[in-house]
Amino acid sequence: MLRKLSPEEFEQELRVKGMDPFPADLEEKVRGILDQVKKGGDAALVEYTRQFDHVQLTPKELEVSQAEAKRAWGELPLPLVRALERALERIGVYHQQEPIGGWQYRDDQGSLMGQLVRPLDRVGIYVPGGRAPLVSTVLMTVVPARLAGVREIILCTPPGADGRPDAHLLAAAWRAGADRIFAVGGAQAIAAMAYGTETIPKVDKIAGPGNAYVTLAKRLVFGQVGIDLLAGPSEVAILADETARAEEVAADLIAQAEHDPLARAVFITTSARLMEEVEESLSARVNGLARREVVQAALAGGSAAILVPDLEAGVALANLMAPEHLEIITESPGEVVGRVRRAGAIFLGRFSPEALGDYLAGPSHVLPTGGTARFSSVLSVGDFVRRISLIAATPETFRQDARWAATLADLEGLTGHAAALRVRLQNEVSSKPDQVLREAAGGREGSFSKPAAGLDKGFSGGARPLTNSAVGAGHNGDAGTTGRPVMLSQFSAQFARGARLIHRQDLRRAEIARRTKETEVVLRLDLDGQGRTEIQTGLPFFDHLLAQIGRHAGFELEIRARGDLGVDQHHLVEDVGLCLGDALNQALGSKAGVNRYGHSLLPMDEALVLAAVDLSGRPHLAYEARFGAKRVGAFDLDLVEEFWRAVAASGRLTIHLRLLAGKNAHHMVESLFKGAGRALGQAARRELGERGIPSTKGTL
């Protein structure tokens, strides 16, 4: 049923044919549709709806009312309502963790540079509706757009035989928060959102998957509007060794093949026995399928089975394919994933089938296909915001840099640029950076926080403020004040229809200052951050390690520390650990409703670390790690254990850290800090629907 190819044959097929399955003449057909809608507006939409969907609608009937969509939600059976609610919850919580915040820093002269993040004003979501009502696609696209704070979300999906979109799709669109819904499908829907018609407004960006017509239309309108990615016919690559179960592999191949006759299911294995068993299981399973003809066409088309000599060769083929979905079903998938460079989404182990990701694992299932994972990424909250550079130079910075900029302008022959710089050098610079910043933020005080008074004393350069207010402009354009770059307050308002998502009113932050005879430490921590860090301890490698904690935990972490490092590093490292533990303890507060437990099995090349955390209130460190080297750079690796012992003691945490494998000392210690950071972030995260977690010490 699957074509059996050698690795060389599969590689040659990819290189010669590529992954683009679209017929060469289809682009001209799509271009014609786009042109007609651009010229004819609603009239063209009505005609194409009649021609392609066999439905006669008037321009007024193109839009589905919110009342109709709400009524569809109310008519859903209870089990489906619960499934959709669970999916909304999982998808929403996942996308809240995305680090999309703006950032800023001050140079030695006090100039402020940074990046503002603002949500798009209007986006268009396309949801296919031909072979099956892709309700999950509604959630996977609308939820991240709503979290980003997009002002208006419109959704286009094809009409059914009665002229209305599938009722389940309407219900999900209303529940997820789509503002307007239109019964328009295909390339004509893409044209309407890109150019605008009398009924459908022009959008800033189009997102969502579709068939060949839709994907080509998105490719052709790019430039008029933004697009998320080119999501064409679906595909999966399954990399498996002899430990995989044939019936599960076959089921996953079929699950992908039933999407579309052009879908591609590629099976790469090191086991000839498994390949034969999978083939037998495929033959047995296909015959009883409702979509048997679709599956058979897909499996006999671009799909294939490839036997490779080892997993390294299998990974090389997967990287060459750059598949939309990559399942790794091997004895130790964590050891394999580190070598994967190209994929839309990766599923590790037999309990992470691609089908789980299609519905409610959390990440969006809108992924790059056709090899475009070489340069494209999964749809995320970041796809629905714009990033704006911010520059506010002080007179000192300008005087230092303007002459060099003018020299470069002269080189390029842009004398006007050079003159704009030199005229200021000849005059007194009178503008004030803070005033410029207030104007850039719309005249609002507090849009950019300054470092707290006294916290920068004794340190070079200004401390970067731990604020996300540069992000999160909501529907009224006001900067957010919740300390998170996504609009949780706004998001909860949009989901006031009943979604059970996290709504953080309280801020879990701490600020610690510690001074001893040997050291000075200032530390700021925000548990509900986006993984941004600013670390200065005088030990570059230690700075790098501390940054991994913040990034992998999703904490905002700022540390300024100094000590007599020429004499002894021990005091500074231990004191930073004490401050971090104290900050964790303070920021967690009562610990009500947190996960409490967190763990991570984290690979980094050849290194592998197991980290586990319990916010139990009982300080304990279990530490097993030998690095095979005394130092990395100037940093003494014996101090790693002392650091974590200090964190556990002052934070009243139970921490287990075990180095399972590794050869490179840098990789080993870095993976330990990354793993510990992930475990801490997981343990400190809020647990949905919990008022408290039972504990032998009471209730957390």
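So for the sequence shown, the numbering used here puts the first residue at -3; every next one is plus one.
The C-beta atom is built at its ideal place from N, Cα and C for all residues, glycine as well.
What are the uninterrupted segments assigned as alpha helix (DSSP H) that are 4 or more residues long and contained completely in the region 122 to 200, given in chain order?
131 to 144, 163 to 172 and 182 to 191
By a C-beta neighbour count over all protein chains shown, 10 Å radius and 16 as the cutoff for buried, is Gly476 buried or exposed?
Only weak support is given to the placement of Gly476: the predicted model assigns it a pLDDT of 31, under 50, and the value that follows is read from those uncertain coordinates. So Gly476 ends up on the buried side.
Between which two residues does the beta strand (DSSP E) holding Ala259 run?
Looking at the DSSP string, Ala259 is not in any beta strand (DSSP E), and its letter there is neither H nor E.
So if DSSP puts Glu231 in a beta bridge, which residue, or which two residues, is it bridged to?
Arg260
Going by CA-CA distance only, name the one from Val232, Ala157 and Met317 that's closest to Leu10.
Met317
Could you work out which residue in Val139, Val332, Arg641 and Ser328 is closest to Leu375 when comparing CA atoms only?
Val139
Kindly list the residues whose CB is nearer than 8 Å to the CB of Leu1, restricted to its own chain and excluding five residues on each side of it in sequence; keep chain order.
Glu9, Ala300, Ala301 and Ile302
Within the same chain, show all residues whose beta-carbon is closer than 6 Å to that of Lys446, passing over the 5 residues directly before and after it, in chain order.
Confidence in Lys446 is poor, its pLDDT being 34 and thus under 50, which makes the residue's placement unreliable; the coordinate value appears in the next sentence. Counting only Cβ-Cβ distances below 6 Å, and skipping sequence neighbours, we find nothing.
Could you give the first and the last residue of the continuous beta strand (DSSP E) run that contains Ser279?
Counting along the chain, Ser279 falls outside any beta strand (DSSP E), though it belongs to the alpha helix (DSSP H) covering Ala268 to Val282.
Closer than 7 Å by C-beta to Pro55: which residues in its own chain qualify, once you throw out the five before and the five after it? Chain order, please.
Asp38, Val42, Glu194 and Thr195
Residue nearest to Ala157 in terms of C-alpha spacing, selected from Gly173, Ile651, Ala172 and Val180:
Val180
How is the beta strand (DSSP E) around Arg67 delimited, first residue to last?
Careful: Arg67 lies outside any beta strand (DSSP E), inside the alpha helix (DSSP H) at Gln62 to Gly70.
Which word fits Ala680, buried or exposed, when buried means at least 16 other C-beta atoms lie within 10 angstroms of its C-beta?
buried
So what does DSSP say about Ile87, is it helix, strand or coil?
helix
Can you pull the DSSP bridge partners for Met600?
Ala603
Using a 10 Å radius around the Cβ and a threshold of 16 neighbouring Cβ atoms, would you call Asp306 buried or exposed?
exposed
Less than 6 Å between C-beta atoms, sequence neighbours within five positions excluded: which residues of the same chain meet that for Phe631?
Leu535, Phe537 and Phe538
With 16 other Cβ atoms within 10 Å as the buried cut-off, status of Met61
Here residue 61 is Ser; the residue named in the question, Met, does not match the sequence. That one is exposed.
Candidates Val381, Asp175 and Gly88, of which the one nearest Gly145 by Cα:
Val381
May I have a chain-ordered list of the alpha helix (DSSP H) segments no shorter than 4 residues that lie completely inside the region 297 to 344?
307 to 317 and 329 to 333
Are the beta-carbon atoms of Ala261 and Ala253 separated by less than 7 Å?
yes
So for Ile96, helix, strand or coil by DSSP?
coil
For a test of the three-state rule: what should DSSP assign to Met(-3), helix, strand or coil?
coil
Please go through the region 338 to 385 and give each complete alpha helix (DSSP H) segment of 4 or more residues, from N-terminal end onward.
350 to 355
Is Leu249 helix, strand or coil when you go by DSSP?
helix
Within the continuous alpha helix (DSSP H) that includes Arg674, where are the two ends?
Ala661 to Ala680
Output the distance between the C-alpha atoms of Gly677 and Glu570, rounded to the nearest integer angstrom.
21 Å
What is the residue span of the beta strand (DSSP E) that Arg510 lies within?
Arg505 to Arg511
CB-CB under 6 Å to Glu148, same chain, minus the five flanking residues each way: which ones, in chain order?
Arg118 and Asp175
Nearest-angstrom beta carbon gap, Val217 and Leu30 [assumed within contact, 8 Å]:
7 Å
When the distance is taken between beta carbons, is Leu597 closer than 7 Å to Leu606?
yes
Around the Cβ of Gly409, are there at least 16 other Cβ atoms within 10 angstroms (buried) or fewer (exposed)?
exposed
Rounded separation between Ala672 and Arg520 - CA only:
19 Å
Leaving aside the five residues before and after Arg(-1) along the sequence, list all residues of the same chain whose C-beta is less than 6 Å from its C-beta, in chain order.
Ala300
Looking at Gly345 and Pro329, is the spacing between their C-beta atoms short of 7 Å?
yes
Taking all protein chains shown into account, do 16 or more other C-beta atoms lie within 10 angstroms of the C-beta of His714, making it buried, or fewer, making it exposed?
In the structure as shown, the chain begins at -3 and stops at 696. Residue 714 is therefore absent and cannot be evaluated.
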